[in-house]
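If you read the sequences in order, they're chains A and B.
Each residue of the first sequence is one higher than the last, beginning at 1 in this note's numbering.
Each residue of the second sequence is one higher than the last, beginning at 1 in this note's numbering.
Ideal placement from N, C-alpha and C gives every residue a C-beta, glycine not left out.
There are 2 protein chains.
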Amino acid sequence: MKALKEKIIKEGTILPGGILRVDSFLNHQIDVGLVSECGKAWYEMFKDAGITKILTIESAGIGIAALTAQYFGVPVLYAKKTRSAAIGSEYLSSKVVSYTHGQVYDVIVGKNYLTPEDRVLIVDDFLSGGSALKVLITLTEMAGAKVVGAGIAIEKAYQSGGKNLRELGYRIESLAKIESMSLEEGIKFVD
Amino acid sequence: MKALKEKIIKEGTILPGGILRVDSFLNHQIDVGLVSECGKAWYEMFKDAGITKILTIESAGIGIAALTAQYFGVPVLYAKKTRSAAIGSEYLSSKVVSYTHGQVYDVIVGKNYLTPEDRVLIVDDFLSGGSALKVLITLTEMAGAKVVGAGIAIEKAYQSGGKNLRELGYRIESLAKIESMSLEEGIKFVD
Chain A
1 MKALKEKIIK EGTILPGGIL RVDSFLNHQI DVGLVSECGK AWYEMFKDAG ITKILTIESA
61 GIGIAALTAQ YFGVPVLYAK KTRSAAIGSE YLSSKVVSYT HGQVYDVIVG KNYLTPEDRV
121 LIVDDFLSGG SALKVLITLT EMAGAKVVGA GIAIEKAYQS GGKNLRELGY RIESLAKIES
181 MSLEEGIKFV D
Chain B
1 MKALKEKIIK EGTILPGGIL RVDSFLNHQI DVGLVSECGK AWYEMFKDAG ITKILTIESA
61 GIGIAALTAQ YFGVPVLYAK KTRSAAIGSE YLSSKVVSYT HGQVYDVIVG KNYLTPEDRV
121 LIVDDFLSGG SALKVLITLT EMAGAKVVGA GIAIEKAYQS GGKNLRELGY RIESLAKIES
181 MSLEEGIKFV D
């Protein structure tokens with residue numbers, strides 16, 4: 001998506017460790033108009049796919065999911081990260097390792113809120129190694145629901161997450177695919 | 001707001017410890033249509049107040065803030081909770097005690113994203129003791145920005161948070177004010 005790529009070039013900052021900072025418009029401050037355009041783009045791609053729920057993970061995905069869900073007219077469900085061992089029988093849970101924080105989390109969703117009838121579009125801000133997306137796929141499939149696809153704002157295409165999941169047959173639609181990124185050469189997009 | 005109160009009566013669950021569970025429509029699964037109506041209601045109240053930013057705190061406030069910001073045509077800023085001591089000079093930070101989790105957090109916002117020119121509407125899902133709202137007010141005023149008011153979905157009016165902050169002169173608009181709540185008698189709203 002052109003507007004998103006332009007915004008990344010204009011306001012994104014490359015930090016040491018391969019981190020792309022986009023907190024002026026995506027995951028701290030939110031440019032609601034731009035994110036809404038992302039939602040509209042995914043709606044155009046998935047509008048005939050019978051989506052019944054938008055699934056994401058706290059926190060950065062929530063605003064994106066809420067603005068996207070408006071186009072589809074379906075609820076948002078955001079998975080929660082928790083470190084409490086006692087999760088209870090009313091939740092589905094799966095573990096994820098946070099590379100940013102170096103910790104293991106349980107990621108949970110209420111059992112009532114994903115059913116075998118659901119056709120799920122997963123939405124998130126970033127796709128890099130794919131750990132967040134994998135855990136959301138796992139939870140959806142644990143519930144017997146169908147993962148129709150994923151809408152990702154920014155994919156680091158030089159990491160393996162997107163490639164691996166596409167090879168497994170998942171449809172992943174990323175609006176800005178970064179081919180390479182460095183302090184010296186800046187950001188280059190695929191295409 | 002009638003639709004919100006009806007939804008609370010229909011789907012809200014009172015848990016031991018005075019907790020009102022509304023995770024089927026507000027803070028886990030999100031009923032995007034209903035929350036959007038909440039945003040519209042706050043827009044009607046604050047549309048002439050020159051709001052430049054919607055401020056909230058992760059995670060439950062983010063979806064509400066994003067859907068509200070659409071009416072105002074302004075960005076969302078969500079404060080982040082962190083337990084890392086080294087926060088850095090680019091953030092404003094203030095401490096908050098989580099009653100749910102019994103821990104002290106630093107709550108931070110990027111210094112660049114709140115300026116003395118900003119006129120801020122704070123939005124959140126719940127107001128009880130007021131600790132989250134107070135920390136958002138503190139951060140806004142640390143930045144030299146103006147707190148125009150707060151839009152709260154559900155206020156536990158039998159707790160002191162709203163009363164104390166209104167006495168200090170803050171305009172707080174809660175869409176469902178709970179007068180009392182118990183397993184025996186159910187939920188009663190103010191008015």
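For residue i, three-class secondary structure by DSSP
{"i": "B:R166", "result": "helix"}
{"i": "A:I64", "result": "helix"}
{"i": "A:L77", "result": "strand"}
{"i": "A:T115", "result": "coil"}
{"i": "B:Y105", "result": "strand"}
{"i": "A:Y71", "result": "helix"}
{"i": "A:M45", "result": "helix"}
{"i": "B:S131", "result": "helix"}
{"i": "A:G88", "result": "coil"}
{"i": "B:M1", "result": "coil"}
{"i": "A:E155", "result": "strand"}
{"i": "A:L34", "result": "helix"}
{"i": "B:I187", "result": "strand"}
{"i": "A:E173", "result": "strand"}
{"i": "A:T149", "result": "Position check: residue 149 of chain A holds Gly in this sequence, whereas Thr was assumed. A:G149: strand per DSSP, three-state reduction."}
{"i": "A:T82", "result": "strand"}
{"i": "A:T56", "result": "strand"}
Listed by chain order, chain A residues near residue i by CB distance under 8 angstroms
{"i": "B:A69", "result": "I30 and V32"}
{"i": "B:S59", "result": "E58, S59, I62, Y78 and K80"}
Cutoff 9 angstroms: residue i Cβ touching any chain A Cβ
{"i": "B:A65", "result": "yes"}
{"i": "B:N164", "result": "no"}
{"i": "B:D23", "result": "yes"}
{"i": "B:G110", "result": "yes"}
{"i": "B:G73", "result": "yes"}
{"i": "B:S131", "result": "no"}
{"i": "B:V104", "result": "no"}
{"i": "B:V148", "result": "no"}
Contacts around residue i, its chain only, beta-carbon distance under 8 angstroms, and the 5 residues preceding and following it disregarded
{"i": "B:A3", "result": "L34 and E37"}
{"i": "B:E228", "result": "With chain B represented from 1 up to 191, any question about residue 228 of chain B goes unanswered, as that position is not in the structure."}
{"i": "A:A143", "result": "L92, V109, K111, L114, T115, P116 and D118"}
{"i": "A:N164", "result": "G130"}
{"i": "A:I62", "result": "T56, V76 and Y78"}
Within 9 angstroms, strictly: CB atoms of residue i and residue j
{"i": "B:A153", "j": "B:L175", "result": "yes"}
{"i": "B:I172", "j": "B:I9", "result": "no"}
{"i": "B:A132", "j": "B:V96", "result": "yes"}
{"i": "A:A49", "j": "A:L121", "result": "yes"}
{"i": "A:G129", "j": "A:Q159", "result": "yes"}
{"i": "B:S93", "j": "B:V107", "result": "yes"}
{"i": "B:K53", "j": "B:A145", "result": "yes"}
{"i": "B:F72", "j": "B:Y105", "result": "no"}
{"i": "B:V22", "j": "B:E11", "result": "yes"}
{"i": "B:V148", "j": "B:E141", "result": "no"}
{"i": "A:L20", "j": "A:I178", "result": "yes"}
{"i": "B:V123", "j": "B:I64", "result": "yes"}
{"i": "A:L183", "j": "A:K156", "result": "no"}
{"i": "B:V32", "j": "A:V74", "result": "yes"}
{"i": "B:M181", "j": "B:G17", "result": "no"}
Close beta carbons around residue i, own chain, < 7 angstroms, minus the five adjacent residues each side
{"i": "B:G113", "result": "Residue 113 of chain B is actually Tyr in this sequence, not Gly. So the list reads L77, once near-sequence residues are dropped."}
{"i": "A:K40", "result": "Y71"}
Chain B residues whose Cβ lies nearer than 9 angstroms to that of residue i
{"i": "A:Y113", "result": "D23, S24, H28 and Q29"}
Minimum Cβ-Cβ distance from residue i to chain B less than 9 angstroms
{"i": "A:V97", "result": "no"}
{"i": "A:S93", "result": "no"}
Contact list for residue i against chain A, beta-carbon separation under 7 angstroms
{"i": "B:S89", "result": "Ordered by position in chain A, no residue passes the 7 angstroms Cβ test against B:S89, which lies about 15 angstroms from the chain."}
Beta-carbon neighbours of residue i, restricted to chain A and to distances below 9 angstroms
{"i": "B:S36", "result": "A66 and Q70"}
Cutoff 9 angstroms: residue i Cβ touching any chain D Cβ
{"i": "B:L175", "result": "The question asks about chain D, but that chain is absent: this structure's protein chains are A and B."}
Close Cβ partners of residue i (< 6 angstroms) along its chain, the five nearest in sequence each way excluded
{"i": "A:L26", "result": "D125"}
{"i": "B:A69", "result": "I54 and V76"}
{"i": "A:M1", "result": "A41 and L175"}
{"i": "B:G162", "result": "L127, E155 and I172"}
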